[in-house]
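For the sequence shown, the residue numbers in mature numbering (1 follows the signal peptide of the UniProt record, and there is no 0) are -24 to -1, 1 to 795.
Contents: one structure, followed by commentary.
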Amino acid sequence: MSGTISFLLKLSCVFSLFSTIASAVDVQVNHESICAAQQTCLQCLLVPNCVWCSESRNNGSLIRCSTRDRLESEKDRWCPAEFVVAGKSAFEILENRPLHSKKSKDPVQVQPQNMRVTLRQGEELVIRVNYSKAEDYPVDLYYLMDLSFSMEPYRDQLSRLGDKLAEAMQKLTSNFRLGFGSFVDKVALPMTSTDPDMLKSPCRRSNGQPCASPYGYKNQMPLTENVALFKSRVQSAPVSGNLDVPEGGFDALMQAIVCTEKIGWRSKARHLLVFSTDASYHLAGDGRLAGIVEPNDEQCHLDNDGFYSYSLLQDYPSISQINRKASEQKINIIFAVPEHMNTTYQILTTRIAGSSIGLFENEAANVVSLVSKEYEKLVDSVTMTDNAPEMIDVRYFSKCLDENSKERETCDGLRVGNVVEFQVVLKAVDCPQNSNQWRQNIKIGPRGLTESLELDVELICSCPCEAGNKINRTKSPNCTNNGYLDCGICLCDDGFYGKQCECKGSEIGSSTLDACKATNDSDVCSGRGTCKCGVCDCAKRMNPQEEFYGTYCECDNFSCKRSGGMVCGGKGKCECGFCNCLPGWTGETCDCKESNSTCMPTHESSVVCSGKGDCICGSCQCHEIENALYSGQFCEDCPTCPGQQCEELKDCVECLAYKSGPLWQNNDCSGCSHTIEVEKVELLKEAAENDGESRTRVCRTPADGGCSLVFEYELLHQKSAQNKAKSYRIVAQKDKDCPKPLNVMGVALGVIISTVLLGFSILMIWKVVTMIHDRREFAKFEKERTLVRWERGDNPFYKKATTTFNNPTFKQNSRSQSS
């Protein structure tokens, strides 16, 4: 028996091996057919891993576009090396200064600094970028404040906190500069009252003095190291007022970002902009209410006095404009707002990259700690960004300070001296029609820093063998002198066609039909076209988006498998019956995510599906291991595993939370061997599954009296391997989940009443039916009785003693006597 089992196992392994080999061969054959279907050098290079042979041959037996594998295996037998056009993605490092993070006038935080990159469509290229946090890196902090009437108390507090703010920042960096600007709103209806008196003084301050005239934005003080000047400028800044609730903060924000020279932003420094207000903001389009229709031009328009001179000439900027310019100028925006504006600006931070939000208290006393905290968060993490165009896909992978690499662009918890390596995966997803876009300059670097890796990227969107034939081209004998050679193939003159330009006009030669067959047994042009002078002219489809192509019209772009009713799931291109998926997608129908990042917890673990499952199409398919079934988004849950402490904690929870159970003795729960913190809630949602980051578990266990205990536990720590005592945090439901007791009296009364009512109803129905029936029978009887007729009749058996006869000849009747 064991021998049979062993034989079956070996046979299964052999079948599996053959299946794997067959699958690999099938993929290889499919890829070769895709390459062979490409008719020109450029079409060949646009398919990943295809290479072109530009050798000129008179016969048509050469398959010019083939795979890299064939080139490596056959080499010169397929095509001489000097005629091979491979176009492989590559890079060359041009500048690679080592990292230098110590105190210096010119620290180096990004390595390398400059590279030349060649990218071919569909192929991935991996480059490595190192980052190290610099010590004592310069900081420019510009405080942009709303100085409408309601912000007067905060302004006074800020002026007194100037020294503390400078002192706190100087603890983080000795190279620190501070600047200040203020804003109100556009001086036009309906934003601001244009009444002459209101223009002079729109409000009165708390000390009874009139407010200053309204204005849009003013740069009160450029960036400087003079903290005392900051304090005096903030105190002397005029408080003004406007008419509507939103303020013109976006006008001021745009000017503070783009006016690099007048604000004083340094190129080698971190740029922080604190935007402080207690109101919402006007958006692009709001200016039309005041007749201002010119869109914001994203340029600096500050006059000699620091005022925004185009406030009434152009509209407010949009959020996307703010986001773009802040990213270009490497400015990190901190929105300092009160509690009631938290939601509004929290949403705004999701639209502006690198921005954050902090809440100041009633008198802005926590502005110093807010700015310090946000700065520390900023410098203790790194987020890689880029300005790559749409045709180039950029993805980031890094170990950060962990042991496992995964797809992510942010690393946290960095200190001076830590070196973080990012693997940057570049992929060209398209070749632009405009040749001017074939060269791109891309910058990759940490968000908020001006340092970056500059990439001079060249897209392979043309063949080098084409360049020499553009000017002074001559007719080629290989093209019957009716055309010229271009990368080994003939480009025919007008009026000629064919592989060697041997056909003229619209001649159709039946003798060349064999040249239009892939094999002797196949159909002419695969049954999808006509043979014209040895060349297949593929049929046209009714849908112009669908087409047949290839040497023998053997390929099409619409017969691939579908997903969701769309070819290749709408996430790839159909090429010769197979889906060429877009970046990030894979599978026969491109409906599976290529990355495993969605199968890994975000922060703590980088193991795919917690090592307890497989990542299929971006989701974890969990395994059953040793009769333990794992579940959860990352297969992190195991309700039946020994590590699930529901049964172990049940008695302790019942004792501590409900003062009952087997451990409740003498008003004490000393029998519980663990340290437990118990918190009660009204209702505990059992559907709240842990998300891969939390260590909490929800339990429902039976208790006395048919009740159930519902609680959530979290293991805080275990003292040691020898000491099994553990510390837990328990969140228990306020009351046990018990079935409601049965009301016996109510049930009995209900049964009795129901029986009586049912019997009474049946009797009433029977009585009504019988009454109806009796009335119908009586009416029938009465009807028959009225129709009866009583008559006297003769006895048929009785005969009279006399008989009368009439004499037909005698006119009177004669009566005969009886004898």
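All C-beta atoms in this analysis are idealised placements derived from N, C-alpha and C, irrespective of residue type, glycine included.
Going by beta carbons, K78 and N394 fall outside the 8 Å limit. Cα atoms of C437 and V27: separation of roughly 14 Å, rounded to the nearest angstrom. Contact between G157 and P190 does not hold, since the beta-carbon distance rounds to 16 Å and is not under 8 Å. Three or more Cβ pairs closer than 8 Å define a contact, and the region 670 to 690 meets that threshold against the region 714 to 729. The Cβ neighbour count for Q297, taken over all protein chains shown within 10 Å, is at least 16; the residue is labelled buried.
For the pair V60 and C29, the Cα-to-Cα distance works out to about 5 Å. The alpha-carbon separation between R384 and T359 amounts to approximately 9 Å. Every alpha helix (DSSP H) of 4 residues or more that sits fully in the region 313 to 346 is shown, in chain order, as 318 to 325.
Looking only at D644, E551, P520, N519, the smallest Cα-Cα distance to C531 is reached by E551. In the three-state reduction of the DSSP assignment, S573 falls in the helix class, which pools H, G and I.
Boundaries of the beta strand (DSSP E) harbouring F398: 395 to 404, taken from the DSSP string. In this chain, P293 is not harboured by any beta strand (DSSP E), its DSSP state being neither H nor E. Straight through space, the alpha carbons of D279 and C235 are spaced by roughly 11 Å. Counting only the Cα atoms, D490 lies some 58 Å from F610. A232 sits buried, since 16 or more C-beta atoms from the chains shown fall within 10 Å of its C-beta. Pairing L660 with Q709 gives a Cβ-Cβ distance under 8 Å. Listed in chain order, the non-local C-beta contacts of D262 below 7 Å within the same chain comprise Y292, local neighbours out to five positions each way being set aside. Using a Cβ distance threshold of 8 Å, M230 and K306 do not count as a contacting pair.
Secondary structure of C439 (DSSP, three-state): coil. When secondary structure is reduced to three states using DSSP, S428 falls in the coil class, being assigned neither helix nor strand.
Runs of the alpha helix (DSSP H) lying entirely within the region 604 to 652 and spanning at least 4 residues, in chain order: 622 to 634. Under DSSP, K537 forms no beta bridge with any residue.
Here the region 112 to 120 makes no contact with the region 401 to 413; the two share fewer than three CB pairs at distances below 8 Å. Nearest neighbour of H258 by Cα position, chosen from T168, E630, I310, turns out to be T168.
Here DSSP, grouped into helix, strand and coil, assigns K207 to helix. In the DSSP secondary-structure assignment, L659 is not bridged to any residue. Around the CB of Q97, 16 or more other CB atoms lie within 10 Å, so the residue is classed as buried. Uninterrupted beta strand (DSSP E) stretches at least 3 residues long and entirely within the region 180 to 252 occur at 193 to 200, 246 to 252, given in chain order.
The region 7 to 77 is shown to contain whole beta strand (DSSP E) runs of 3 or more residues at 26 to 29, 41 to 43, 66 to 71, in chain order. Assigned with DSSP and collapsed to three states, D680 falls in helix. Secondary structure at T762: helix, using DSSP grouped into helix, strand and coil. At the C-beta level, G505 and C529 come within 8 Å of one another. Around the beta carbon of R761, a 10 Å sphere encloses fewer than 16 other beta carbons of the protein chains shown; the residue is thus reported as exposed. Contact between D388 and S357 is confirmed by a C-beta separation of about 4 Å, below the 8 Å threshold.
Excluding its 5 nearest sequence neighbours in each direction, C179 has C-beta neighbours in its own chain below 7 Å: F125, C187, G217, listed in chain order.
A Cβ-Cβ distance of about 6 Å is found for the pair N195 and K238, placing them in contact under the 8 Å criterion.
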